[in-house]
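Per the numbering used here, residue 156 is the first one in the sequence shown, and the count goes up by one each step.
All C-beta atoms, glycine included, are put in the ideal place defined by N, C-alpha and C.
Input: a single structure, listed below in structure tokens.
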Amino acid sequence: MYNILLIEDDIVDQFAIKRAVEQDPEYSYTMASSLKDARKILRAQQFDAIITDYALGDGTAQEILNSKIDTPLIITTGAGDEEIAVKAMKAGAYDYLVKDGDRNYLKILPITIENAIQYKKAKENEDWLRLVESALLNAYGAVIITETDPEKPVAPKAIYANEAYTKLTGFKGNEVKGKPFPFLKGVQNNTEIAKIKQAVKNEKSVTTEIKGLHKNGSIYWAELTLVPVLNREGKHSHWLYIMHDITAHKLSEELLRQSKERLDIILHSIGDGVVVINENQQIMRINYKAKELLGVTQTQVINNKFLDTLKHCRESRDDILQILNRRFFANYELHLKKPQNRILYLTGNTFSDIHGKSSGKVIIIRDVTKEKEIAQMKNDFVSNVSHELRTPLASIIGFSSTIRNDKNMPREIQEEFLTIIYDESQRLSHLIEDILNLSRIESGQIKSKREDIDIGAIIKEVYEGYKIQAEKKGLELSYQIEENLPTLYADVNEIKQILINLVGNAIKFTDNGGVFISLIKENAFLILKVQDTGIGIPQSDFDLIFEKFHRVERVGRQIEGTGLGLSIVKEIVNLYNGTIKIESEENNGTCFKISFPIS
Ligand code: ADP
Numbered sequence: 156m157y158n159i160l161l162i163e164d165d166i167v168d169q170f171a172i173k174r175a176v177e178q179d180p181e182y183s184y185t186m187a188s189s190l191k192d193a194r195k196i197l198r199a200q201q202f203d204a205i206i207t208d209y210a211l212g213d214g215t216a217q218e219i220l221n222s223k224i225d226t227p228l229i230i231t232t233g234a235g236d237e238e239i240a241v242k243a244m245k246a247g248a249y250d251y252l253v254k255d256g257d258r259n260y261l262k263i264l265p266i267t268i269e270n271a272i273q274y275k276k277a278k279e280n281e282d283w284l285r286l287v288e289s290a291l292l293n294a295y296g297a298v299i300i301t302e303t304d305p306e307k308p309v310a311p312k313a314i315y316a317n318e319a320y321t322k323l324t325g326f327k328g329n330e331v332k333g334k335p336f337p338f339l340k341g342v343q344n345n346t347e348i349a350k351i352k353q354a355v356k357n358e359k360s361v362t363t364e365i366k367g368l369h370k371n372g373s374i375y376w377a378e379l380t381l382v383p384v385l386n387r388e389g390k391h392s393h394w395l396y397i398m399h400d401i402t403a404h405k406l407s408e409e410l411l412r413q414s415k416e417r418l419d420i421i422l423h424s425i426g427d428g429v430v431v432i433n434e435n436q437q438i439m440r441i442n443y444k445a446k447e448l449l450g451v452t453q454t455q456v457i458n459n460k461f462l463d464t465l466k467h468c469r470e471s472r473d474d475i476l477q478i479l480n481r482r483f484f485a486n487y488e489l490h491l492k493k494p495q496n497r498i499l500y501l502t503g504n505t506f507s508d509i510h511g512k513s514s515g516k517v518i519i520i521r522d523v524t525k526e527k528e529i530a531q532m533k534n535d536f537v538s539n540v541s542h543e544l545r546t547p548l549a550s551i552i553g554f555s556s557t558i559r560n561d562k563n564m565p566r567e568i569q570e571e572f573l574t575i576i577y578d579e580s581q582r583l584s585h586l587i588e589d590i591l592n593l594s595r596i597e598s599g600q601i602k603s604k605r606e607d608i609d610i611g612a613i614i615k616e617v618y619e620g621y622k623i624q625a626e627k628k629g630l631e632l633s634y635q636i637e638e639n640l641p642t643l644y645a646d647v648n649e650i651k652q653i654l655i656n657l658v659g660n661a662i663k664f665t666d667n668g669g670v671f672i673s674l675i676k677e678n679a680f681l682i683l684k685v686q687d688t689g690i691g692i693p694q695s696d697f698d699l700i701f702e703k704f705h706r707v708e709r710v711g712r713q714i715e716g717t718g719l720g721l722s723i724v725k726e727i728v729n730l731y732n733g734t735i736k737i738e739s740e741e742n743n744g745t746c747f748k749i750s751f752p753i754s
């Protein structure tokens, strides 16, 4: 409903104008019959249009024009007063109508009123826009205003962009004008584009993030809010697009992501286990090595308590908890039983939050199983060596001092004692020789002199060396070598050492029957076998006999030896990436089978 004020003192005209206005039910009118009346009404009420006679009983419409009210004024004048009308127009009247004798002006009146109202609306909108624009000009956020075209409401065109927008995107207001979604230029994220267009279609406000392209080609990030704007009649007429530059934030987010990624790479590639726990001791991060050492998977442990991953260990839960509660601990020794026996060193350090309060720990897990084993082996070795050396030495010292102290000792007893001293010295010498050999191989001190060698020839040489010894024991020593075998790239002395030790043992532990050496090729391997018909090895000793100083307990039988021969064999076989296997049954012979890969 539009309110119209009619100012007319002529009763006939009043009546005629009233009728013309009443034709449109959208209009409601108020009648003033004098300037004084009009002044009073205007003080109390706002109108969308005023139709006023120029010359009134108590003055002219000029007075209303002078009062500079916003309402459009349509002046009516008598015929012949056109000059006055022109003057009124100059003073700001919206239009004028000349009251002709035939009252034709009444026909144009409704159109004139409608135009005046439209004009007022447009002017109001313009004023409002100008107000908004000036308010937004220096606003912190980038703003675009678009005007909704009723013909094409899905693509409202930009009519304004403020300076912050120019700063953000590089485009000036006049470059943006007339374009529907100027900020979408260069945006590649289709879901964001769809979201924005959908919001415009539904006339709903939306906030989203866009990755835009600055005029200079650089990328900017903005948080974009679309707000539909209603005009005075409550109709959707414009959109405000408000953009906040979040490029710096996005960049630091990206930097953070990158440094996280880098940290992950470092975490996963270091050889020690790393676990990060929060103040509740829940696992936040865990690297591959830690998962492997603890025998857990990512999903099993993330957000679970670190303590729960240590269920299978020798130490009690309380003990571990006490350690974990410390701000710092170093090399706490943990004996894990599952997934396998392991000795781990745990070192933990607390990190703090911005208030200096403990917010978690980084725990480094080092697998020291091997080191501990080696240390143990060294200790065992030293005590074994001293023990093994002491026995023959004690005999040598004992028997030699007896001979020295007993000047009258009969010649045969002296001979017997001297033989014992000689044998024990031999044993000592063998032992020292074996120990030296083993330590040389293990330390890698002696460089093998490798060349293409014929193992068959070495077998024959060793055979010749042991032939007499075997014959003396009544044993048959024989060999079989496949024809046209390839050579092996190896050190002659190392291969010979293997054969000497294996054939020597076979003869030593065989009383009846014989010893058989064979060499064949199987696929890409040379297979060397030393078989005997001797006393055999109990299965429980299969793994142990390769350990230093291990000797099978033989009830009621004392057979000479150092317990190092097979350790040396094994070490040499390892040098060639070969394998050694035993087949044996007690009292039913033994077979050592070595496979050498032919490189
Ligand atoms: P040793 O110097 O005692 O022979 P080795 O390391 O060569 O030391 O052998 C370890 C142990 O393995 C021996 O003491 C012996 O009991 C057993 N053994 C080795 N070879 C044979 C074999 N051919 N038959 C029976 N037992 C053997």
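Where does the unbroken alpha helix (DSSP H) through residue i begin, and where does it stop?
i    : result
Y443 : Y443 to L449
E726 : G720 to L730
G629 : From DSSP, G629 is part of no alpha helix (DSSP H); its letter is neither H nor E.
P265 : Y260 to L291
D168 : I166 to E177
A294 : Premise fails: A294 is in no alpha helix (DSSP H) and is neither H nor E.
T231 : Unbroken run through T231 is the beta strand (DSSP E), L228 to G233; no alpha helix (DSSP H).
T346 : N345 to N357
Within the continuous beta strand (DSSP E) that includes residue i, where are the two ends?
i    : result
F680 : F680 to D687
H399 : H391 to D400
S584 : Unbroken run through S584 is the alpha helix (DSSP H), R566 to S598; no beta strand (DSSP E).
M710 : Looking at the sequence itself, residue 710 is Val, so the reference to Met does not match. From DSSP, V710 is part of no beta strand (DSSP E); its letter is neither H nor E.
N656 : Taken as a continuous stretch (DSSP letters only), N656 belongs to no beta strand (DSSP E), being part of the alpha helix (DSSP H) at V647 to K663.
D208 : A204 to D208
D250 : D250 to K254
V331 : From DSSP, V331 is part of no beta strand (DSSP E) but of the alpha helix (DSSP H) over G328 to V331.
T734 : T734 to S739
I675 : G669 to E677
From the DSSP secondary-structure annotation, give me the bridge partner or partners of residue i.
i    : result
R521 : Y500
F506 : G515
S183 : N158
Y315 : I300
G428 : I520
R440 : V431
H490 : I498
A377 : I365 and D400
K460 : Q437
L211 : G214
Any heavy atom of the ligand ADP inside 7 angstroms of the beta-carbon of residue i?
i    : result
H542 : no
E664 : Residue identity check: residue 664 is Phe in the sequence provided, not Glu. F664: yes, Cβ under 7 angstroms from the ligand ADP.
V728 : no
G689 : yes
I753 : no
N656 : yes
S722 : yes
T717 : yes
T524 : no
R706 : yes
N660 : yes
T745 : yes
I735 : no
I700 : yes
I692 : yes
Does at least one heavy atom of the ligand ATP sit under 7 angstroms from the Cβ of residue i?
i    : result
T502 : This structure simply doesn't include the ligand ATP; it includes the ligand ADP instead.
Check: Is it a yes or a no for the segment 229 to 241 touching the segment 273 to 286, going by three-plus beta-carbon pairs under 8 angstroms?
Finding: no
Checklist line | the segment 620 to 636 contacting the segment 690 to 704, beta-carbon criterion three pairs below 8 angstroms | finding: no
Notebook entry, point to check: Looking at C-beta atoms only, is the number of pairs between the segment 479 to 486 and the segment 501 to 509 that lie closer than 8 angstroms three or more?
Noted result: yes
Check: Counting pairs of Cβ atoms below 8 angstroms between the segment 651 to 661 and the segment 709 to 728, do you hit three or more?
Finding: yes
Checklist line | the segment 730 to 748 contacting the segment 681 to 691, beta-carbon criterion three pairs below 8 angstroms | finding: yes
Notebook entry, point to check: Taking one C-beta from the segment 190 to 203 and one from the segment 238 to 254 each time, how about it: are there three or more such pairs within less than 8 angstroms?
Noted result: no
Note to self: When you compare the segment 583 to 594 with the segment 554 to 563, are there three or more beta-carbon pairs, one atom per stretch, that lie closer than 8 angstroms?
What the structure shows: no
Checklist line | Three CB pairs or more closer than 8 angstroms across the segment 198 to 217 and the segment 174 to 190 | finding: yes
Note to self: Does the contact criterion of 3 or more C-beta pairs under 8 angstroms hold for the segment 540 to 553 versus the segment 512 to 525?
What the structure shows: no
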